[in-house]
């Protein structure tokens with residue numbers, strides 16, 4: 001892999017004190033919650049952004065907020081960097097450590113503390129997986145809405161760090177729209193509470209600020225999230241088109257007409273083939289682009305919304321329209337979509353971009369994306385949340401060929417710049433992490449970045465928390 | 001009126017330089033945009049929180065972002081406090097100036113800059129009124145969702161400052177859920193852009209932070225807001241109950257069942273009488289509490305949701321259920337609700353509290369509220385957004401009787417503390433302003449407040465922007 005992205009130089013003084021630090025950490029968490037052997041540290045060297053890896057100084061896996069606070073207080077005292085980690089599924093390298101850092105893993109904090117239907121919310125510890133929240137309340141007819149494809153593994157703490165989305169966020173919003181409160185351990189070990197069960201909060205919206213701050217403002221140990229009642233029914237419908245452009249403009253017109261289905265997912269031909277081979281979902285193979293549109297509600301509601309969408313799709317020359325006929329078929333259709341990244345990984349290495357664009361630019365950006373990858377001689381598969389304008393070009397390459405890897409990275413960066421130049425943004429749901437850090441200057445003017453860093457300094461003046469991430473290394477304040 | 005709330009001592013050096021400052025400001029905005037004569041300053045002395053007033057040093061009403069930036073740069077250079085103002089409808093005194101402050105009014109910036117249906121958003125200047133956004137897009141079948149009762153007058157800039165809500169926010173969310181981007185002038189005159197037409201933004205969610213920051217982090221001059229398609233149909237339904245408690249627990253059960261109507265508004269007997277006398281909306285006068293529930297969608301959708309709600313209401317002994325039979329009747333029902341404050345003002349002076357509580361506490365807090373006002377010998381009318389748990393007790397008193405006024409204020413403070421103690425918060429949509437500033441310590445621990453103030457300092461280190469507001473005067477950092 002190319003090493004285009006620089007890490008911060010590790011602090012030699014901290015490295016030389018490793019033994020002492022380990023001994024101190026052993027006082028703060030139970031012995032089995034401190035990971036220090038080289039072979040045991042390997043799984044913590046990288047995350048979903050596997051192109052880069054660094055071995056951390058140590059890993060702690062606290063069981064309580066008090067233990068998290070004790071570790072934070074200790075690391076703050078000695079200036080030791082802390083890299084928070086949920087399940088390590090970050091696609092932007094948000095959980096990749098650095099050599100002088102303590103990884104603070106929340107995966108042992110898996111308690112579901114409170115389920116409160118009268119206030120339609122649940123309070124859980126940060127290491128609870130996304131899907132297990134829905135599992136805990138599903139029997140009573142509720143669910144937690146944001147559904148990243150990694151929802152079986154990823155934790156609510158990580159979701160909050162990255163403000164994670166998912167296919168069904170078109171209707172229900174992303175993490176920030178479904179988060180009511182958190183318990184946050186500040187860099188010096190102080191514990192504060194933001195938000196709660198009631199609407200809004202007096203003073204500033206620090207809860208919203210913390211959501212999506214990629215672990216740089218504090219460590220979330222508990223979260224109160226909104227629960228939503230399951231719809232009466234739900235059904236994915238497949239719309240096949242002869243061109244990506246027709247599918248893209250169709251999406252813009254559906255949204256432009258004010259119709260908000262639960263999900264509008266897009267797959268191009270390459271993605272259709274990859275996902276169909278994996279999931280046997282019955283995707284049409286004779287089309288250039290596929291939309292998976294999910295409608296929900298009563299039969300009448302689903303039919304009414306679907307009729308409006310079909311009418312618009314016909315104006316864009318839709319070739320195939322197929323409603324799921326059974327729960328089994330629906331499950332397969334979603335399995336294919338949600339397994340897209342894993343299925344792609346079976347045929348090639350890939351990096352997944354995460355730019356967002358205004359919907360009116362969707363068709364244009366898709367066309368330019370394939371021009372860019374063609375120019376680099378790379379293949380691309382597009383599979384993404386079209387209703388939100390949240391694109392996910394998967395650039396296929398060979399991780400063991402440094403030249404190929406460098407090309408893939410360069411093409412990815414060009415695509416993200418394209419999204420920004422089209423009025424969009426670097427990341428819809430995967431976060432800036434380490435991957436897109438050096439593109440932040442393309443998105444933001446100096447004054448914008450300076451203001452973000454000033455806010456960061458109000459929480460973490462010494463760049464202790466996840467320091468290699470989000471902001472370019474040069475020009476930091 | 002009592003003067004329980006202290007203002008900051010005006011800076012004598014600034015007061016003594018008033019003539020010079022006026023001359024300088026006259027260079028920065030057109031002559032007719034600088035208000036300096038005492039009689040012309042009177043309307044800017046207070047806002048919707050009329051119990052307090054202060055005459056500002058001057059008022060500027062810029063027409064462009066560049067003029068706003070020039071004024072900010074100037075005031076920052078000389079340490080002159082700046083109090084931003086939209087339409088001056090704040091109910092918490094958010095726009096009440098101080099003697100050494102320049103009021104920066106945005107009311108002249110009324111341009112609708114862009115309407116973009118493909119991306120379902122509109123970009124407007126900060127002085128555009130809330131309702132005029134919906135008016136501009138209504139003909140095309142869209143609207144802007146948050147609907148404060150003052151929507152005819154209040155501006156989008158003020159809505160952003162206070163994160164305003166409204167009756168229909170139960171389904172559609174409050175301002176922060178409908179705001180996509182702003183142009184923000186920082187305290188030193190730097191102009192930054194937050195958010196935009198695409199989903200999310202890379203880096204921290206400063207947009208969410210600015211929303212609800214009560215003009216303390218910068219001056220919003222332009223906003224991009226979400227547009228929503230009008231529903232096929234909508235209908236308010238009146239549910240009358242024999243007790244406030246039954247109505248309150250009914251609301252908790254509706255929400256607890258996962259049903260989300262567009263609005264659930266609550267009126268107690270006092271409020272029903274006041275509003276009916278004003279609007280002749282046909283509210284039942286033989287009940288102790290009334291819920292106005294709005295359902296929307298197709299006929300089938302409305303009927304289905306209504307049936308579920310009626311079933312729950314019956315379990316709570318609902319006495320009257322009456323669906324609106326016509327558009328005219330619907331308009332009257334909403335007119336009565338939205339005029340509640342004005343209608344109350346016809347019969348007495350009042351202060352309006354704005355606490356929120358978890359829905360499970362609604363009935364309890366209503367009962368305790370009347371115990372508190374009974375103890376002070378005051379009348380109270382309750383009319384509020386029940387579905388959100390956002391209470392609005394209107395405490396009736398005589399503004400010209402200092403003893404009565406002091407009692408009303410004291411009762412109000414007790415009620416807000418009650419809300420906080422019940423797990424709720426000081427303010428749902430009216431903001432902290434000057435009114436609830438000194439209660440912030442009841443809501444927050446020192447560490448919480450310190451963190452909020454640290455964030456504030458990252459934007460405005462010298463407390464120049466709206467300085468008397470939000471945070472208690474003592475213990476500021």
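Chains as they are written, first to last, in UniProt numbering: chain A, 1 to 477; chain B, 1 to 477.
Glycine included, every Cβ here is placed at the ideal spot set by N, Cα and C.
Note that the coordinates shown come from a computational prediction; the quantities given were computed from them, not determined experimentally.
Original post:
Can a CB atom of chain A be found closer than 8 Å to the CB of residue 77 of chain B?
Top reply: no
**OP:** With a 10 Å radius around its C-beta and 16 neighbouring C-beta atoms as the bar for buried, classify residue 1 of chain A as buried or exposed.
**Re:** With a pLDDT of 43 at residue 1 of chain A, under the threshold of 50, the predicted position of this residue should be treated as unreliable, though the coordinate-derived value follows. In the assembly as shown, residue 1 of chain A is a buried residue. Its beta-carbon has 16 or more other beta-carbons within 10 Å.
**OP:** Pull out every residue of the region 355 to 377 of chain A whose Cβ sits closer than 8 Å to any Cβ of chain B, in chain order.
**Re:** 356, 357, 358, 359 and 360
**OP:** Might you give, ordered along the chain, the residues of its own chain that have their beta carbon closer than 7 Å to the beta carbon of residue 174 of chain A, omitting 5 neighbours on each side?
**Re:** 146, 163, 164, 165 and 429
**OP:** For residue 435 of chain A, I'd like the list of residues in its chain whose CB is within less than 6 Å of its CB, leaving aside the five on either flank, ordered along the chain.
**Re:** 49, 92 and 93
Subject >> Span of the beta strand (DSSP E), counted from its first residue to its last, around residue 397 of chain A >> reply: 393 to 397
Subject >> Segment contact flag, the region 112 to 120 of chain B with the region 219 to 228 of chain B, C-beta cutoff 8 Å, min 3 pairs >> reply: yes
Original post:
Per the contact definition of three or more C-beta pairs closer than 8 Å, is the region 285 to 304 of chain B in contact with the region 398 to 410 of chain B?
Top reply: no
Original post:
Would you say residue 1 of chain A faces chain B, with C-beta separation under 8 Å as the test?
Top reply: Since pLDDT at residue 1 of chain A reaches only 43, below the 50 mark, its modelled position is unreliable, and the value read off the structure follows with that caveat. No, no contact with chain B.
Original post:
Which residues in the same chain have their Cβ closer than 6 Å to the Cβ of residue 272 of chain B, if we skip the five residues on either side of it in sequence?
Top reply: 283 and 290
Subject >> Under the three-state DSSP convention, the category residue 233 of chain B falls into >> reply: Coil at residue 233 of chain B, not helix or strand.
**OP:** Give, in chain order, every residue of the region 453 to 468 of chain B whose Cβ lies closer than 8 Å to some Cβ of chain A.
**Re:** Within the region 453 to 468 of chain B, the residues whose Cβ lies closer than 8 Å to some Cβ of chain A are 454, 455, 456, 457, 458 and 459, listed in chain order.
**OP:** Go ahead and pull the three-state DSSP assignment for residue 58 of chain A.
**Re:** strand
**OP:** Using the DSSP secondary-structure output, state which residues sit across from residue 183 of chain B in a beta bridge.
**Re:** B/193 and B/222
**OP:** Quick one: which unbroken beta strand (DSSP E) runs of 3-plus residues sit fully inside the region 378 to 459 of chain B? Chain order, please.
**Re:** With a minimum length of 3 residues, the continuous beta strand (DSSP E) runs that stay inside the region 378 to 459 of chain B are 379 to 385 and 393 to 397.
Subject >> Where residue 440 of chain B meets chain A, residues with beta-carbon distance less than 9 Å >> reply: 202 and 203
Subject >> Cut-off 6 Å between Cβ atoms - residues of its own chain near residue 70 of chain B, not counting five sequence neighbours on either side >> reply: 28
**OP:** Over the uninterrupted alpha helix (DSSP H) stretch that includes residue 333 of chain A, give me the two end residues.
**Re:** Following the DSSP letters along the chain, one finds residue 333 of chain A inside the alpha helix (DSSP H) bounded by residues 327 to 338.
Subject >> Per-residue contacts from residue 293 of chain A into chain B (C-beta, under 7 Å) >> reply: Under the 7 Å cutoff, chain B gives no residues; its nearest Cβ is about 16 Å from residue 293 of chain A.
**OP:** With 8 Å as the threshold, decide whether the Cβ of residue 7 of chain B is near any Cβ in chain A.
**Re:** no
**OP:** State the Cα-Cα distance for the pair residue 372 of chain B and residue 386 of chain B, rounded to the nearest angstrom.
**Re:** 20 Å
Original post:
Taking C-alpha atoms, which residue in A/230, A/103 and A/63 lies nearest to residue 125 of chain A?
Top reply: A/63
Original post:
What separation, rounded to the nearest whole angstrom, lies between the Cα atoms of residue 333 of chain A and residue 381 of chain A?
Top reply: 18 Å
Original post:
residue 239 of chain A and residue 321 of chain A: beta carbons closer than 8 Å?
Top reply: yes
Subject >> Per-residue burial, residue 468 of chain A [other beta carbons within 10 Å of its own, 16 or more giving buried] >> reply: buried
Original post:
Are the beta-carbon atoms belonging to residue 433 of chain A and residue 357 of chain A less than 8 Å from one another?
Top reply: no
**OP:** Assuming residue 15 of chain B and residue 36 of chain B form a contact by the criterion Cβ under 8 Å, report the distance between their Cβ atoms to the nearest whole angstrom.
**Re:** Going by Cβ atoms, the distance from residue 15 of chain B to residue 36 of chain B rounds to 14 Å, so no, they are not a contact pair.
Original post:
At least one CB of chain B closer than 8 Å to the CB of residue 390 of chain A: is that the case?
Top reply: yes
**OP:** With 8 Å as the threshold, decide whether the Cβ of residue 120 of chain B is near any Cβ in chain A.
**Re:** yes
Original post:
Does residue 451 of chain A come within less than 8 Å of chain B when only Cβ atoms are used?
Top reply: By this cut-off, residue 451 of chain A is an interface position.
Original post:
Which residues, taken in chain order from the region 93 to 117 of chain A, show a beta carbon closer than 8 Å to some beta carbon of chain B?
Top reply: Here the close residues are 116 and 117.
Subject >> Cβ neighbours of residue 413 of chain A in the same chain (closer than 8 Å, five flanking residues each side left out) >> reply: A distance below 8 Å between beta-carbons, with the five flanking residues on each side excluded, links residue 413 of chain A to the following residues of its chain, in chain order: 439.
Original post:
Within the chosen definition, does the region 391 to 398 of chain A reach the region 169 to 187 of chain A through at least 3 CB pairs nearer than 8 Å?
Top reply: no
**OP:** Could you name each continuous alpha helix (DSSP H) segment of 4 residues or more that falls completely within the region 231 to 285 of chain B, going from the start of the chain to the end?
**Re:** Considered as a whole, the region 231 to 285 of chain B harbours 244 to 256 and 269 to 279 as its complete alpha helix (DSSP H) runs of no fewer than 4 residues, in chain order.
Subject >> Proximal chain A residues relative to residue 423 of chain B, where beta-carbon distance stays under 7 Å >> reply: Correct list: 196, 197 and 198.
Original post:
Pairing CB atoms from the region 452 to 466 of chain A with CB atoms from the region 74 to 91 of chain A, are three or more of them under 8 Å?
Top reply: yes
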